[in-house]
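Colleague: My structure is below; once you've seen it, I'll send some questions.
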Amino acid sequence: MKLLDKTVNFSGAKLALISNGKILTILRDAIPTIPYPNMWDLPGGDCVIIMTGA
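Here the working numbering is used: the first residue of the sequence shown is -9, the next is one more, and so on.
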């Protein structure tokens, strides 16, 4: 994944759920410090344990 001027390693998963010809998407938070703020995305991503370092 490329974030502005740096590249970071990412491992995770996404889910494309299609039902009756419609696809489930989420609108990311509009927080400017997160990757791809205020953009539509598929559900999924990184693990909370990995993200918090627990």
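Using N, Cα and C, we set each Cβ at its ideal position, and we do this for glycine too.
Could you give the distance in angstroms between the alpha-carbon of residue 27 and the alpha-carbon of residue 20?
Modeller: Cα to Cα, residue 27 sits roughly 5 Å from residue 20.
Colleague: Any idea which residues DSSP pairs residue 3 with across the strands?
Modeller: Answer is 35, bridged to residue 3.
Colleague: Excluding the 5 residues flanking residue 33 on each side, which residues of the same chain have their C-beta closer than 6 Å to its C-beta?
Modeller: So the list reads 5, 16, once near-sequence residues are dropped.
Colleague: Considering Cα atoms alone, identify which of 8, 11, 18 is closest to residue 35.
Modeller: It is 18 whose Cα lies nearest to the Cα of residue 35.
Colleague: So who's on the other strand from residue 8, going by DSSP bridges?
Modeller: According to DSSP, which records beta bridges pairwise, residue 8 is partnered with 13.
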